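Undergrad: Let me give you the structure first, and then I'll get to my questions.
Residue numbers (full-length UniProt numbering): 1 to 879.
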């Protein structure tokens, strides 16, 4: 089948992806080979592909395809995450469009809508990954709420509860008023904000003519004040000791308490204490026995308990209460203030600290398991700088709030019942098992007497089991697959989920398998636009990945992503890199068509081709050694650049020129076969990065059987010998000699068709390569002379001097014109420097180094002008 004259990705990509699927080339079953396992960071089930996914999955696919070509049993397991908060929010929004409130539905009715949404939107992102070329074992596709994964989650919850590591209690939590659920600390993003500092007047009960002034950023919380606190060591507020104050507008009398927690320097040194709405205030409240008044409803509006502003949104109250305080004469002043405000990572609204009954997982036990393996490099991070981030979090670990006030997710397997007027709780995998446990306390209980907890588990509570649960290692801990595929090899993820996911998977791995879940973690950077801004829908600076693939082809986009993707550094994505990728595809295509278009004859191999093939074989080996080293260090972007340069510069620009037969003449069989072999190896080296075009051309290289694919071919390149390394170094010098001749042609306006002579002055240590130099530089001969002949252009290669006799080859008029233009430019440049140096103020005030630099520029330019004038004088003699 003939190749098209131009490469068209649309003709190639879908064809080969279907071929790979039909021939089960992505599927993996345990066998005698070394396993290479990667589990996909599960994207949200209702999500669509964005640039971060593109980068992450391109890197995974490169590593998986490379592992296959190394003879490993590569298994890349895909799947999606149920994303409790995000998915429930979307379902609630769609129901609202239909005039239905979540509260109007039973739990089962709502879950039916949620499953309908999941079936409708779920899996879109996985289909899109196929367009990218992702070589996942799709038969293994998992979902965090499918049967196996759900059973695993419930089993683990019960196990940890029985071990005393899960508990239920009233704690101050991060509350998301929009999603109306608790969040873990890791789900709160702190943002710098320009806000206000309000100074409020609190009347002193014992001295009605005086005020105590409190500075606060949240005047809307004064309805929950139950004390004022001062530092006992603060002399300026010592007069308030033992007194009471009146909460402004509210009229409640509250005590002044003392605690060295208060920062003497902040504001006035007086702190309003609202135990229900601040984690530190809550600690003060417990310590000093203060009343707790919760003034917020779950949705962020003011509750009945506040007694005023009831039903208003908290942010509206802040504006209104400031006006009311001003009007009542209870506002001392308002200042601009910069502070950090916690936002929900999911809904992007400001969180509220809230006292709430929640389920927690004790984390110190897990931190003790997970810290040392990373610090000791049993699990290696790339780049290693993230070890410090990881260590800091684990050394300051807090218990994990694992319950969420949602219906979409894994329902907490806790069951409540009443015995002798007291509420009791049991935890069990099923309602039937829970009833049996409950009946141990009261044998008369029936199924109608127990009620399951309405909360769900945090989505990450299922994700932390992912490398184990994908192989059913929780339900069946000794099954054949978990024993073969676990631990996995490489995890590719973003550093933003190092706490959410990476650390917790390590914890679960050591808790449930007694070993690491993966050996290496490669942290990608954040994809930003070329201005350095994080890509987002709101900025409109994030391209549609599928549109990019349509425009440049998957291989072009993959290459564009990787050219800008050093490990751990943010990626400044520029669409022109995809264009560069597409151009590279075209380069490969055209080089292939050139080679396959040559006529072949059974003649003796020329000396130039003998040298060229020996050199390129050596070059392949040395380059492959470099690529292997870069992959071992996870410097994948650099590895791509090395292979890119090997093909573009070494193979296309040098090797093919060295062996190319003269126009209209055939190439010898031996050189042709060796060239096809080189092409085969190059395609294999490129395949992990650019799977589609390499498959297409590999299939055209020789006759192939149905089911054969480049992806299953092993890339077995021997390491280079010392002689081969020397040969590659010698050819680098040869290339410099050829470039030197080409430079003279360019400088002297000598036509490329003009045959030149090259003279080696004194010695020519590269005479063995004369045939190549003569062909590549278009020379008639190379001579070695003791003395330099007259009328030559010369250049140096290292310590070796070469000359090209130019005689009458130069167009004197054109050369003079070029010199005159250059002289004019240099004289103008010199005039500017002289003007600056003649300015006494500049010389007197500028740093000494700056003045010295200008003087050096002056002397250098004067030397260039003198040399140019000498050259012009010589040229004029020839006229």
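By construction, the Cβ of each residue, glycine as well, lies at the ideal position given by its N, Cα and C atoms. Being a predicted model, the structure only gives us computed values, none of them experimental.
#1: Report the three-state DSSP secondary structure of residue 168 (helix, strand or coil).
#2: Considering only the alpha carbon of each residue, which of 643, 451 and 412 lies closest to residue 423?
#3: Determine the DSSP secondary structure at residue 143, reduced to helix, strand or coil.
#4: Quick check on the DSSP output: the beta strand (DSSP E) that includes residue 342 runs from which residue to which?
#5: Between residue 882 and the rest of its own chain, which residues show a CB-CB distance below 6 Å, the 5 nearest in sequence each way excluded?
#6: Whole angstroms are fine: how far does the CA of residue 82 sit from the CA of residue 276?
#7: If you compare alpha carbons, which of 399, 623, 684 and 734 is closest to residue 909?
#8: If you measure from the CB of residue 21, is any heavy atom of the ligand PLP nearer than 7 Å?
#9: Give the range of the alpha helix (DSSP H) segment to which residue 12 is assigned.
#10: Does the Cβ-Cβ distance between residue 598 and residue 666 come in under 8 Å?
#11: Can you grab the Cα-Cα spacing for the pair residue 102 / residue 409, in whole Å?
#12: Would you mind sorting residue 877 into buried or exposed? The rule is 16 or more other CB atoms within 10 Å of its CB.
#13: How is residue 477 classed by DSSP in three states: helix, strand or coil?
#14: Using the Cα positions of residue 606 and residue 799, report the straight-line distance between them to the nearest angstrom.
#15: Residue range of the alpha helix (DSSP H) that residue 585 falls in?
#16: Could you tell me which of 337, 652, 302 and 336 sits nearest to residue 320, measuring between CA atoms?
#17: Determine, using beta-carbon pairs with one atom in the stretch 180-194 and one in the stretch 350-358, whether at least three such pairs fall under 8 Å.
#18: With C-beta atoms as the reference, is residue 678 less than 8 Å away from residue 651?
#19: Between 629, 223 and 202, which has its C-alpha nearest residue 310's C-alpha?
#20: Does residue 715 pass the burial test, meaning 16 or more other C-beta atoms within 10 Å, or should it be called exposed?
#21: If I follow the unbroken alpha helix (DSSP H) through residue 272, where does it start and stop?
#22: Taking the runs of the alpha helix (DSSP H) that are 4 residues or longer, which of them lie wholly in the stretch 678-730?
#23: Under 8 Å Cβ to Cβ from residue 373, same chain only, skipping five residues before and after it: list those, please.
#24: Buried or exposed for residue 404, going by 16 or more other Cβ atoms inside 10 Å?
#25: Look up residue 608 in the DSSP assignment and say whether it is helix, strand or coil.
#26: Give every residue of the same chain whose Cβ lies closer than 6 Å to the Cβ of residue 562, excluding the five residues on either side of it in the sequence, and list them in chain order.
#27: Helix, strand or coil: how does DSSP classify residue 135 here?
#28: For residue 301, which three-state DSSP category applies?
#29: What residue range does the beta strand (DSSP E) around residue 197 cover?
#30: Please report the straight-line C-alpha distance between residue 389 and residue 739, rounded to a whole angstrom.
#31: When you compare the CB positions of residue 85 and residue 60, do they come within less than 8 Å of one another, or not?
#32: Could you tell me which residues DSSP pairs with residue 216 in its beta bridges?
#33: Can you tell me whether DSSP reads residue 559 as helix, strand or coil?
#34: Contact check, residue 457 vs residue 447 under 8 Å by CB: the rounded distance?
#35: Starting from residue 258, trace the alpha helix (DSSP H) both ways and give me its first and last residue.
#36: Compute the Euclidean distance between the alpha carbons of residue 15 and residue 4, then round it to the nearest angstrom.
TA: Working from what's here:
#1: Stepping through the chain shown from its first residue, residue 168 is reached at position 168. In the structure shown, residue 168 sits in a strand (DSSP, three-state: E or B).
#2: Translated into positions along the chain shown, residue 423 becomes position 423. Checked all of 643, 451 and 412; the closest Cα to residue 423 is 451.
#3: One-based indexing of the chain shown puts residue 143 at position 143. The answer is strand: DSSP assigns residue 143 an E or B state.
#4: The residue labelled residue 342 in the question sits at position 342 within the chain shown. Note, residue 342: beta strand (DSSP E), 331-344.
#5: Any question about residue 882 goes unanswered here, given that the chain covers just 1 to 879.
#6: Counting from one through the chain shown, the residue named residue 276 turns up at place 276. Counting from one through the chain shown, the residue named residue 82 turns up at place 82. Cα-Cα distance, rounded: 32 Å.
#7: Here the chain comprises residues numbered 1 to 879, so residue 909 is not present and cannot be evaluated.
#8: Inclusion of the ligand PLP in the displayed structure is not the case, the ligand content being empty and no account of it being possible.
#9: On the chain shown, residue 12 is found 12 positions in, with the first residue counted as 1. Run containing residue 12: 9-22, per the alpha helix (DSSP H) assignment.
#10: Start at 1 with the first residue of the chain shown, and residue 598 comes out as number 598. Start at 1 with the first residue of the chain shown, and residue 666 comes out as number 666. Yes. Within cutoff.
#11: On the chain shown, residue 102 is found 102 positions in, with the first residue counted as 1. On the chain shown, residue 409 is found 409 positions in, with the first residue counted as 1. Whole-angstrom Cα-Cα distance: 15 Å.
#12: If you number the chain shown from 1, residue 877 lands on position 877. Per the 10 Å Cβ criterion, exposed.
#13: For this step, residue 477 is matched to residue 477 along the chain shown. Correct three-state label for residue 477: coil.
#14: As a first step, residue 606 is located in the chain shown; it is residue number 606 there, counting from the start. As a first step, residue 799 is located in the chain shown; it is residue number 799 there, counting from the start. Approximately 30 Å between the Cα atoms of the pair.
#15: On the chain shown, residue 585 is found 585 positions in, with the first residue counted as 1. Looking at the DSSP string, the run of the alpha helix (DSSP H) that includes residue 585 is 575-596.
#16: The sequence position of residue 320 within the chain shown is 320, counting from 1. The residue with the shortest Cα to Cα distance from residue 320 is 302.
#17: yes
#18: Position 678 of the chain shown, counted from the first residue, corresponds to residue 678. Position 651 of the chain shown, counted from the first residue, corresponds to residue 651. Yes, they are a contact pair.
#19: Position 310 of the chain shown holds residue 310. Looking at the Cα atoms, 223 is the closest of the given residues.
#20: Taking the first residue of the chain shown as 1, we reach residue 715 at position 715. So residue 715 counts as buried.
#21: Position 272 of the chain shown, counting from 1, holds the residue named residue 272. Element bounds for residue 272: not the alpha helix (DSSP H) but the beta strand (DSSP E), 271-273.
#22: 691-701
#23: The residue you call residue 373 lines up with position 373 of the chain shown. Excluding positions up to five away in sequence, the list reads 379, 506, 510 and 516.
#24: Sequence index remark: in the chain shown, residue 404 carries index 404 (1-based). The residue in question, residue 404, is buried, as its Cβ has 16 or more Cβ neighbours within 10 Å.
#25: The residue you call residue 608 lines up with position 608 of the chain shown. Three-state DSSP puts residue 608 in a helix.
#26: The residue labelled residue 562 in the question sits at position 562 within the chain shown. Excluding sequence neighbours, residue 562 sits near 637 and 640.
#27: Here residue 135 is taken as the residue at index 135 of the chain shown, counted from 1. Looking at residue 135 - three-state DSSP - the assignment turns out to be coil, as it is neither helix nor strand.
#28: As a position in the chain shown, residue 301 is number 301, starting the count at 1. Three-state DSSP puts residue 301 in a strand.
#29: Numbered from 1 along the chain shown, position 197 holds the residue referred to as residue 197. 188-204 is the span of the beta strand (DSSP E), which, as asked, contains residue 197.
#30: If you number the chain shown from 1, residue 389 lands on position 389. If you number the chain shown from 1, residue 739 lands on position 739. In a straight line, the C-alpha of residue 389 is about 49 Å away from that of residue 739.
#31: The residue given as residue 85 occupies position 85 in the chain shown. The residue given as residue 60 occupies position 60 in the chain shown. The answer is no: Cβ separation not under 8 Å.
#32: The count along the chain shown starts at 1 and reaches residue 216 at position 216. Per DSSP, 198.
#33: For this step, residue 559 is matched to residue 559 along the chain shown. Helix, per DSSP.
#34: As a working mapping, residue 457 is identified with position 457 in the chain shown. As a working mapping, residue 447 is identified with position 447 in the chain shown. Not quite, the Cβ-Cβ distance comes to about 23 Å (not below 8 Å), so this is no contact.
#35: Indexing the chain shown from 1 puts residue 258 at position 258. Where residue 258 is concerned, there is no enclosing alpha helix (DSSP H), although the beta strand (DSSP E) it sits in stretches over 253-258.
#36: Here residue 15 refers to the residue found at position 15 of the chain shown. Here residue 4 refers to the residue found at position 4 of the chain shown. Taking the straight line joining both Cα atoms gives about 15 Å.
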